[in-house]
Amino acid sequence: MSHIGGGVAIYVRNTLRVKVLAQSAPSLLREQKPDFLILEISVSNINILFATVYRPPKAGHLSVFQDELFSFCIDYEHVFVSGDVNAHFGSDKPCDIMDGKGVQELLDTCNLVRVPFNATFHTGTCDSALDMIATTCINKLTQFMQTPVCGLSAHDLLYAVFSFKVPKPPPETFSRRDFSHFNMEQFKTEILAAPWDRMLDSPEIDAKLLVFNQLLLELYDRHAPLRVHYVKRYPKPWISSELILLMNQRDQAYRRSRRTKLSCDISIYKKLRNHVNKVKRDAKVNYAYSVFNNAKSSKEMWDALKKVDPMF
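Residue numbering for the sequence shown follows my numbering, starting at 11 and increasing by one per position.
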């Protein structure tokens, strides 16, 4: 917000990466320039340009926002612009509101298409489309709706849903040493033959530790080299249908507590959370006991554990 009244904000889910690209400069006079905020929102490897703008009634200088937006949108395939532009795109009755030619020029310049909402601003003498959601990927629009917010504003509340096929993230990897061909006797022989005098001759304790680590890691790299493994979604056989039901109840209680902020709802959520954690922990322990008790050999035991956790 750059002055008293007006202002813009964008709420983004905290799991997404966000970068502020541009924003309106502070203004002492509300009528001078529009408020705007331009973000880059990253979903997996898709970068989305999202901008919101508020132009006060009869305010000019829309070109300030247009220039900023155009300087970025040429680098993005997916661009979204939303806001209250206070420009008359069309109505059933005459309105004392600026026409939308300037805004339409902005949309055309950035190759943006407006979501086809009906009139979004209503008074006793005027129904007009002052608010908009526009995008370069109108083909991804799956649904949109507007609803009045009587008692709060003469503007309708707008929402639109766009469907994106998010590519799979790159596979996660981890490294661990491969001891499958480890020769203990050969390893002991090379440890005894290692030039440990380099460590003893080092004057500083930090230097001694550095030499020690280097010599030891060189031996391990030869006898048990690091191998890269891909993380997969492994089954969790200890999760029963009863546990899933409890987890769903916990999640519902969490959402309710976030919504109401009531101490009683928060208390219910915490009790369910602690109960689920205990049940889950006990289920894991019981499963591990069953693996140990039913395994006929150590190999069979380790194979069973590796199926549910690759780090074993």
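Glycine included, every Cβ here is placed at the ideal spot set by N, Cα and C.
Keep in mind it's a predicted model, so treat the numbers as computed, not measured.
Helix, strand or coil at residue i according to DSSP, with G and I counted as helix
i: Val22; result: coil
i: Val241; result: coil
i: Ala32; result: strand
i: Ser307; result: coil
i: Trp312; result: helix
i: Ile249; result: coil
i: Ser12; result: Residue placement at Ser12 cannot be trusted, given a pLDDT of 48 that sits under 50; the coordinates are not used to answer.
i: Leu255; result: helix
i: Arg266; result: helix
i: Phe302; result: helix
i: Gly17; result: coil
Range covered by the beta strand (DSSP E) that runs through residue i
i: Glu50; result: Asp45 to Val53
i: Leu272; result: Leu272 -> no beta strand (DSSP E), and no H or E assigned at all.
i: Val171; result: Asp166 to Phe172
According to DSSP, residues forming a beta bridge with residue i
i: Val289; result: According to DSSP, which records beta bridges pairwise, Val289 is partnered with nothing at all.
i: Tyr64; result: Asp45 and Asp94
i: Arg27; result: Ser52
i: Asn323; result: Because the chain spans 11 through 322 in this model, residue 323 falls outside it and cannot be assessed.
i: Leu236; result: Arg187
Supposed close pair residue i, residue j - CB separation, criterion 8 Å
i: Glu241; j: Ser54; result: The question names Glu, but residue 241 is Val in the sequence shown. With a Cβ gap of about 17 Å, Val241 and Ser54 do not count as contacting.
i: Asp137; j: Ala129; result: 4 Å
i: Val95; j: Met142; result: 6 Å
i: Ile56; j: Phe174; result: 6 Å
i: Leu282; j: Arg260; result: 4 Å
i: Leu47; j: Val28; result: About 11 Å separates the two Cβ atoms, so there is no contact after all.
i: Leu256; j: Val286; result: 5 Å
i: Phe192; j: His239; result: No, Phe192 and His239 are not in contact; Cβ-Cβ is about 17 Å, not under 8 Å.
i: Phe82; j: Leu151; result: Going by Cβ atoms, the distance from Phe82 to Leu151 rounds to 22 Å, so no, they are not a contact pair.
i: Asp298; j: Ile249; result: What sits at residue 298 in the sequence shown is Ala, not Asp. Ala298 to Ile249, Cβ: 14 Å. No contact.
i: Phe127; j: Ala139; result: 6 Å
i: Val123; j: Ile84; result: Val123 to Ile84, Cβ: 17 Å. No contact.
i: Phe197; j: Met209; result: That belief does not hold up - the Cβ atoms of Phe197 and Met209 are roughly 18 Å apart, past 8 Å.
### Message
Give the list of continuous beta strand (DSSP E) stretches no shorter than 3 residues that lie fully inside the stretch 66-154.
### Response
Here the runs fully enclosed are 88-94 and 141-145.
#### Entry: Contiguous alpha helix (DSSP H) assignments of at least 4 residues, all confined to the stretch 156-230
Taken in chain order, the unbroken stretches of alpha helix (DSSP H) that lie wholly in the stretch 156-230 and span 4 residues or more are 194-203 and 207-211.
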